[in-house]
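Numbering (the numbering used here), first residue to last: 9 to 199.
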């Protein structure tokens, strides 16, 4: 009974079903449960041509799946390449913007430093002009530092005109040149 192959049992079952006069128990070695399981298997129900056809379908179906998988892998690679290219472009753009911002900040710092130097120079010139004026008002020669004697009227007038004729440092700096004053004083007195 068990020596019969499943295909043989299926053939016996078909023979029994094809001949209604024969009972299933008359088929030697036929197990109804095994026969039912055999009938559920498509490869054994069909002939060898059907099995070959199923093999061809499985083979080409697998090839199709492999081709689709290759297409998906290629699409993923291309998407990753595009993402890397986009990231490189973004990094380059951010680098250019950062360089431009640094250049603008550097130029602004240079302009601010130049403005501060100009203001400091103006303060120094104003201080020098005030010192010049103070010395002149106190009767001191701003150039030599010698105290001017306040003698006779003509001599005093000529000396004051000599000091007043000299150009102050601020005026000289603003005019872009250098100023110099010259004067001669002469006086005679009798006592």
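Glycine included, C-beta positions come from ideal geometry on N, C-alpha and C.
Determine which residues share a DSSP beta bridge with residue 148 and list them. 155
Here's a check: name, in chain order, each residue in its chain whose Cβ is nearer than 8 Å to the Cβ of residue 155, leaving out the five neighbours to either side. 147, 148, 149
What would DSSP say about residue 161, mapped onto helix, strand or coil? Only weak support is given to the placement of residue 161: the predicted model assigns it a pLDDT of 43, under 50, and the question is left unresolved by the model.
Option in 126, 123, 153 with minimal Cα separation from residue 139: 153
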